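Asks: Submitted below is the structure of interest, expressed as structure tokens.
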Amino acid sequence: MYVFSQVFVELNELLMDKNQEMHWKETARWIKFEEDVEEETERWGKPHVASLSFRSLLELRKTISHGAVLLDLDQKTLPGIAHQVVEQMIISDQIRAQDRANVLRALSNHIAAPEAPATDPLIGGLRNFESRMSVDSDRNEVLCALKSVCSVDFLDQPTMAFVRLQEAVLLESVLEVPIPVRFLFVLLGPPNANIDYHQIGRSISTLMSDKHFHEAAYLADERQDLLTAINSFLDCSIVLPPSEVGGDELLHSIARFQREMLHKRHEQEVKLQAKEPKTLHPPLKPEDDPLRRTGRLFGGVIRDARRRYPKYISDFKDALSPQCMATVIFIYFAALSPAITFGGLLGEKTDGLIGVSELIISTAVQGMVFCLLGAQPLLVVGFSGPLLVFEESFYSFCRSSEIEYLTGRLWIGIWLIIIVVLTVAFEGSFLVRFVTRFTQEIFSFLISLIFIYETFFKLGKIFMDHPLRSCSGREENDTALPTPTSDGRSPDASQTLNQPNTALLSLVLTAGTFFIAFYLRKFKNSAFFPGTLRRAIGDFGVPIAISTMVLLDYSIKDTYTQKLSVPDGFSVTSPDKRGWLIHPLGSDGQFPIWMMVASILPALLVYILIFMETQITTLIVSKKDRMLVKGSGFHLDLLIIVVGGGVSALFGLPWLTGATVRSVTHANSLTVMSKAVAPGDKPRIQEVKEQRVTGFLVALLVGLSIVIGDVLRQVPIAVLFGIFLYMGVMSLNGIQLTERMMLLFMPPKYHPDHTYVRKVRTLRMHLFTCLQLVCLAVLWAVMSTSASLAFPFVLVLTVPFRRFLLSRIFTHREIQCVSVSFLFVDREIDL
Numbered sequence: 034m035y036v037f038s039q040v041f042v043e044l045n046e047l048l049m050d051k052n053q054e055m056h057w058k059e060t061a062r063w064i065k066f067e068e069d070v071e072e073e074t075e076r077w078g079k080p081h082v083a084s085l086s087f088r089s090l091l092e093l094r095k096t097i098s099h100g101a102v103l104l105d106l107d108q109k110t111l112p113g114i115a116h117q118v119v120e121q122m123i124i125s126d127q128i129r130a131q132d133r134a135n136v137l138r139a140l141s142n143h144i145a146a147p148e149a150p151a152t153d154p155l156i157g158g159l160r161n162f163e164s165r166m167s168v169d170s171d172r173n174e175v176l177c178a179l180k181s182v183c184s185v186d187f188l189d190q191p192t193m194a195f196v197r198l199q200e201a202v203l204l205e206s207v208l209e210v211p212i213p214v215r216f217l218f219v220l221l222g223p224p225n226a227n228i229d230y231h232q233i234g235r236s237i238s239t240l241m242s243d244k245h246f247h248e249a250a251y252l253a254d255e256r257q258d259l260l261t262a263i264n265s266f267l268d269c270s271i272v273l274p275p276s277e278v279g280g281d282e283l284l285h286s287i288a289r290f291q292r293e294m295l296h297k298r299h300e301q302e303v304k305l306q307a308k309e310p311k312t313l314h315p316p317l318k319p320e321d322d323p324l325r326r327t328g329r330l331f332g333g334v335i336r337d338a339r340r341r342y343p344k345y346i347s348d349f350k351d352a353l354s355p356q357c358m359a360t361v362i363f364i365y366f367a368a369l370s371p372a373i374t375f376g377g378l379l380g381e382k383t384d385g386l387i388g389v390s391e392l393i394i395s396t397a398v399q400g401m402v403f404c405l406l407g408a409q410p411l412l413v414v415g416f417s418g419p420l421l422v423f424e425e426s427f428y429s430f431c432r433s434s435e436i437e438y439l440t441g442r443l444w445i446g447i448w449l450i451i452i453v454v455l456t457v458a459f460e461g462s463f464l465v466r467f468v469t470r471f472t473q474e475i476f477s478f479l480i481s482l483i484f485i486y487e488t489f490f491k492l493g494k495i496f497m498d499h500p501l502r503s504c505s506g507r508e509e510n511d512t513a514l515p516t517p518t519s520d521g522r523s524p525d526a527s528q529t530l531n532q533p534n535t536a537l538l539s540l541v542l543t544a545g546t547f548f549i550a551f552y553l554r555k556f557k558n559s560a561f562f563p564g565t566l567r568r569a570i571g572d573f574g575v576p577i578a579i580s581t582m583v584l585l586d587y588s589i590k591d592t593y594t595q596k597l598s599v600p601d602g603f604s605v606t607s608p609d610k611r612g613w614l615i616h617p618l619g620s621d622g623q624f625p626i627w628m629m630v631a632s633i634l635p636a637l638l639v640y641i642l643i644f645m646e647t648q649i650t651t652l653i654v655s656k657k658d659r660m661l662v663k664g665s666g667f668h669l670d671l672l673i674i675v676v677g678g679g680v681s682a683l684f685g686l687p688w689l690t691g692a693t694v695r696s697v698t699h700a701n702s703l704t705v706m707s708k709a710v711a712p713g714d715k716p717r718i719q720e721v722k723e724q725r726v727t728g729f730l731v732a733l734l735v736g737l738s739i740v741i742g743d744v745l746r747q748v749p750i751a752v753l754f755g756i757f758l759y760m761g762v763m764s765l766n767g768i769q770l771t772e773r774m775m776l777l778f779m780p781p782k783y784h785p786d787h788t789y790v791r792k793v794r795t796l797r798m799h800l801f802t803c804l805q806l807v808c809l810a811v812l813w814a815v816m817s818t819s820a821s822l823a824f825p826f827v828l829v830l831t832v833p834f835r836r837f838l839l840s841r842i843f844t845h846r847e848i849q850c851v852s853v854s855f856l857f858v859d860r861e862i863d864l
């Protein structure tokens, strides 16, 4: 399959200077959008969509129909190209033989590079653009389409040549940047001809910057193919009659009309592709589909290992990057914060049987094992809100039934291992095929919402414990400001209630951490500072935010803020209630046999939670537009995580899952965006640092947090709230549901040009969004009430809801545009 190059177009004109000497000057260029040289300042203007006159397009089509067209010219130097062009002009009777020398002289002036604006900030960016995209010339390259137009007094009529070289070549001293040239367009003629050379040059330049035309130019076999491509371009262009009407209404009608024309062109392309022989699009290789069933016992997990483990060495080499080191610091706090927060909540819900110590150790051990053995090491394994809901419900059941909670968890762990082994043996992960974007978005949004909600809930609790006071004066019963103890640690919170400054400072620390991290992330793609420094600041944005706010808190001596609560040493949370090893028959050897068997039911609930969250997280992290190249392994990852959780139950440690928000944040922090893009275009994903080192180091540091407890006890917990908020907000980016929710409050004329906006009527699109929000509200309600044990089943019900009920409300085409399941191959599987 042919892969088309990206095209940089430069327009040069032959002008006369103050000394009456002719020289070529660059007057415009196209890197997706047009940029013109401003006459007054000799600087490049803003990138803009090119507007062309209809007459210039007609004149262009006329010149190409009668001019010289040289396709696949085998020349590698400018003099050789010029000689062939001039000879073809003579053969086609465009110029006389005696004009050969003058035309050659005019073209050869290109050997002295065309004059560019004195200040050109994009030159360096173009060099980066060229080197970045030309790494693999067989797959992707940036080629220059050079346009030269001018009026000369030695010709009697206009003459034109369109040249496509056999292969792209670097023409020395022709361009300001070393970009290989593949296409040339030359237009020369007398000044009294009734044509506008500049506008014709802009027309061919705009055509070459159009994706469909330059693809046609690559594949053209003869002149007629170029003319057909021009006609296709005209079919999608708009001619505005002379009118004084303007404003937003005119722009809106133009945009709507052009969308209709582009839609018709797309439908024609689809019909043509359907008629093409299937051999032109080779079928997907079976081994590239991670969810294809092999039909053999444990065939899926064996295939995952064979596909992923050959890249094991590169998983360590690819970590040699400053960006990976910044990621380790950021994700360490992102992983430690939930471990401490959820650990504290677990301690409250289970009366100290499982707490911060157990969760930290479980996160460290299972995280390191997974990063060493897993197929998708970008996943961050950790505790989650749905698992906390289950633990609370199961503990309440055990306490009311007078059953030992930790022993019951042990039998649940045993059943978990049995269930996952059977599932993996029969390749049960293929069921992920039925999890479409409809369910993925609901679950992703729910998990992000939990992080955002927990931030403001915790801040609200601080404001309740430390209410604000009037500035009119201190009341007699106000508690005195706390004084640090002799060892430098803050006193207990019980001694520091009703401190009016605590709530304000906690709010400042949370907001400061969030906004510094948020804006430094955006700073990475700004125009300030050199690129290397700017990217370094962006990569270390979260560590900078954490350090800044910790120093701010440390510098304020007279205000109490709650600090991290990290246990001392590797001991269980409640040594008087339990030890590290859990006996399968209970502490008194009287654990009921019926409960050993009945534990399969809560084990199914836990398994569904881990299965759905882990697999959906893998789908999100490995979606096609993230451009991962090493692949994933649904069967292998599920086996490692569930077996690890089952074994952990023997030691009274929590079960873990693929944590959605932390995993997406991990992948985002390892994403390398393009350093130079087309003016007016957005940065795109260039690569993702797929490796095992960052996840392993994060898990190791989480485990060592107990050793450096004295240092971590100086970190205000409000700073971690800021990280919670940052992860929740950033994880909402890229979720289509978030974008469609914003469209609910936006007039249709301001809707972006997305597929689901163009191809689905507005009210139907809003109805689809509202149904997703209803499902989200139901899940939130179930998770927040006494029916929380039913949460896994309600989550699973969104799959048949999408598959059977939505198909009765929406057409197949509407669902395909708004909700499809994304796998990691070069196609979309519509369900």
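Take the sequence shown: its position 434, counted from the start at 1, is 467 in my numbering, and no numbers get skipped.
Ideal Cβ positions, reconstructed from N, Cα and C, are used throughout, including at glycine.
In this text, all values refer to a predicted model and were calculated from it rather than measured experimentally.
In this structure, what does DSSP give as the bridge partners for D69?
Replies: As a first step, residue 69 must be located in the sequence shown, where it is residue number 36. In DSSP, D69 forms a bridge with A61.
Asks: Considering only DSSP beta bridges, list what A101 is partnered with.
Replies: Taking the first residue of the sequence shown as 1, we reach residue 101 at position 68. Bridge partners of A101: A194.
Asks: If we ignore side chains and look at the alpha-carbon of each, how far apart do E92 and T802 end up?
Replies: Taking the sequence shown and counting its residues from 1, one reaches residue 92 at position 59. Taking the sequence shown and counting its residues from 1, one reaches residue 802 at position 769. Taking the straight line from one Cα to the other gives about 49 Å.
Asks: Hey, how far is the Cα of I212 from the Cα of S238?
Replies: Here residue 212 is taken as the residue at index 179 of the sequence shown, counted from 1. Here residue 238 is taken as the residue at index 205 of the sequence shown, counted from 1. I212 and S238: Cα-Cα distance of roughly 16 Å.
Asks: Can you grab the Cα-Cα spacing for the pair L770 / F427, in whole Å?
Replies: Within the sequence shown, the letter at position 737 stands for residue 770. Within the sequence shown, the letter at position 394 stands for residue 427. Going from the Cα of L770 to the Cα of F427 covers about 33 Å.
Asks: Count the other CB atoms within 10 Å of the CB of Q473; is the residue buried (16 or more) or exposed (fewer)?
Replies: Translated into positions along the sequence shown, residue 473 becomes position 440. Label assigned to Q473: buried.
Asks: Short of 8 Å in beta carbon distance, which residues of its chain neighbour I97, apart from the five on each side in sequence? Order them along the chain.
Replies: Position 64 of the sequence shown, counted from the start, is the residue given in the question as residue 97. For I97, where only same-chain residues beyond five positions count, the Cβ hits under 8 Å are M193, F195, R256, L259, L260 and I263.
Asks: Under the rule that 16 or more other beta-carbon atoms within 10 Å means buried, what is T110, buried or exposed?
Replies: Within the sequence shown, residue 110 is the residue found at index 77, counting from 1. Counting Cβ neighbours within 10 Å, T110 comes out exposed, since fewer than 16 surround it.
Asks: Let me check one thing: in DSSP terms, what residues is K382 bridge-paired to?
Replies: In the sequence shown, residue 382 corresponds to position 349, counting from 1. K382 is not bridged to any residue.
Asks: Taking Cβ positions, are S696 and V654 nearer each other than 7 Å?
Replies: Here residue 696 refers to the residue found at position 663 when the sequence shown is read from its first residue. Here residue 654 refers to the residue found at position 621 when the sequence shown is read from its first residue. Against a cut-off of 7 Å, the Cβ pair of V654 and S696 comes out as a contact.
Asks: Rank V413, I495 and R292 by C-alpha distance to the C-alpha of L542 and give the top, closest one.
Replies: What you label residue 542 is simply residue 509 of the sequence shown in a count that begins at 1. Nearest option by C-alpha distance: I495.
Asks: Going by alpha carbons, who is nearest to E425 out of F837, Q805, V82 and T383?
Replies: In the sequence shown, counting from the first residue as 1, residue 425 sits at position 392. For the residues F837, Q805, V82 and T383, the minimum Cα distance to E425 belongs to T383.
Asks: Going by alpha carbons, who is nearest to S707 out of A130, C357, I483 and R568?
Replies: Position 674 of the sequence shown, counted from the first residue, corresponds to residue 707. Of the candidates A130, C357, I483 and R568, the one whose C-alpha sits nearest the C-alpha of S707 is R568.
Asks: Since V705 sits in a beta bridge, which residues does DSSP pair it with?
Replies: Along the sequence shown, read from residue 1 onward, the residue named residue 705 stands at position 672. Answer is E720.
Asks: Is the stretch 748-762 touching the stretch 570-588 in the sense that three or more CB pairs, one from each, lie closer than 8 Å?
Replies: With a cut-off of 8 Å, the stretch 748-762 and the stretch 570-588 count as touching, because enough Cβ pairs lie within range.
Asks: At the level of alpha carbons, what is the spacing between E772 and T704?
Replies: Counted from its first residue, the sequence shown places residue 772 at position 739. Counted from its first residue, the sequence shown places residue 704 at position 671. Straight-line Cα distance between these residues: approximately 21 Å.
Asks: Could you please give me the residues that DSSP links to W444 through a beta bridge?
Replies: Translated into the one-based positions of the sequence shown, residue 444 becomes position 411. Beta-bridge pairing links W444 to no other residue.
Asks: Leaving out the 5 sequence neighbours to the left and right, which residues in its chain are closer than 8 Å to Y783 when beta-carbon positions are compared?
Replies: Position 750 of the sequence shown holds residue 783. Contacts found: none.
Asks: My parser needs the alpha helix (DSSP H) runs of 4 or more residues fully inside the stretch 653-699; what are they?
Replies: The stretch 653-699 contains these whole alpha helix (DSSP H) runs: 667-682.
Asks: By DSSP, does P749 sit in helix, in strand, or in coil?
Replies: Reading the sequence shown from its first residue, position 716 is the one you call residue 749. In the structure shown, P749 sits in a strand (DSSP, three-state: E or B).
Asks: Would you call G78 buried or exposed, if buried means 16 or more other Cβ atoms sit within 10 Å of its Cβ?
Replies: Walking along the sequence shown from the start, residue 78 turns up at place 45. G78 is exposed by the Cβ-count criterion.
Asks: Taking the beta strand (DSSP E) that R611 falls in, what are its first and last residues?
Replies: Stepping through the sequence shown from its first residue, residue 611 is reached at position 578. No beta strand (DSSP E) contains R611, which DSSP labels as neither H nor E.
Asks: Can you give me the Cβ contacts of R659 inside the same chain, cut-off strictly under 8 Å, excluding the 5 residues immediately before and after it?
Replies: Here residue 659 refers to the residue found at position 626 of the sequence shown. Contacts found: A700, T704, I718 and V721.
Asks: Return the Cβ separation of G385 and K610 in integer angstroms, given the expectation that the two are a contact with Cβ distance under 8 Å.
Replies: Numbered from 1 along the sequence shown, position 352 holds the residue referred to as residue 385. Numbered from 1 along the sequence shown, position 577 holds the residue referred to as residue 610. Rounded, the Cβ-Cβ distance is 6 Å, consistent with contact.
Asks: Measure the C-alpha to C-alpha separation of F857 and L48 and round it to an integer number of angstroms.
Replies: Taking the sequence shown and counting its residues from 1, the one referred to as residue 857 is at position 824. Taking the sequence shown and counting its residues from 1, the one referred to as residue 48 is at position 15. Unreliable positioning characterises F857 in this predicted model, as indicated by a pLDDT of 33, which lies under 50. The coordinate reading is nonetheless provided below. Rounded to whole angstroms, F857 to L48 spans 53 Å at the Cα level.
Asks: How many Å lie between R746 and G736 at the Cα?
Replies: Counting from one through the sequence shown, the residue named residue 746 turns up at place 713. Counting from one through the sequence shown, the residue named residue 736 turns up at place 703. R746 and G736: Cα-Cα distance of roughly 15 Å.
Asks: Could you tell me which whole alpha helix (DSSP H) segments of length 4 or greater appear in the stretch 331-384?
Replies: Qualifying alpha helix (DSSP H) stretches, in chain order: 332-341, 347-350 and 355-382.
Asks: Might you give, ordered along the chain, the residues of its own chain that have their beta carbon closer than 7 Å to the beta carbon of H799, omitting 5 neighbours on each side?
Replies: For the purposes of this step, residue 799 is identified with residue 766 of the sequence shown, where counting begins at 1. These residues qualify, in order along the chain: L777.
Asks: With which residues is G415 paired in a DSSP beta bridge?
Replies: Stepping through the sequence shown from its first residue, residue 415 is reached at position 382. DSSP, once it has assigned bridges, lists T690 as partnering G415.
Asks: Is E75 helix, strand or coil when you go by DSSP?
Replies: Residue 75 sits at position 42 when you count from the first residue of the sequence shown. Coil, per DSSP.
Asks: Do you know whose CA, among G407, P419 and Y345, lies nearest S378's CA?
Replies: Taking the sequence shown and counting its residues from 1, one reaches residue 378 at position 345. First, the amino acid is wrong: residue 378 is Leu here, not Ser. For L378, the nearest C-alpha among the options comes from P419.
Asks: Does the stretch 643-653 come close enough to the stretch 457-477 to have 3 or more Cβ pairs within less than 8 Å?
Replies: Yes: at least three Cβ pairs fall under 8 Å.
Asks: Closer than 6 Å by C-beta to I480: which residues in its own chain qualify, once you throw out the five before and the five after it? Chain order, please.
Replies: To locate residue 480, count along the sequence shown from 1; it is residue 447. Same-chain partners within the cutoff: T693 and V694.
Asks: Can you tell me the Cβ-Cβ gap for Q131 and A101, rounded? I've got them flagged as a contact below 8 Å.
Replies: Counted from its first residue, the sequence shown places residue 131 at position 98. Counted from its first residue, the sequence shown places residue 101 at position 68. Actually they do not touch by this definition, with Cβ atoms about 18 Å apart.
Asks: Quick check for students: name the residue ranges of the alpha helix (DSSP H) that lie wholly in the stretch 383-411, counting only runs of 4 or more.
Replies: Runs of the alpha helix (DSSP H) inside the stretch 383-411: 389-406.
Asks: Which of the three DSSP states, helix, strand or coil, is assigned to V468?
Replies: Here residue 468 refers to the residue found at position 435 of the sequence shown. Coil.
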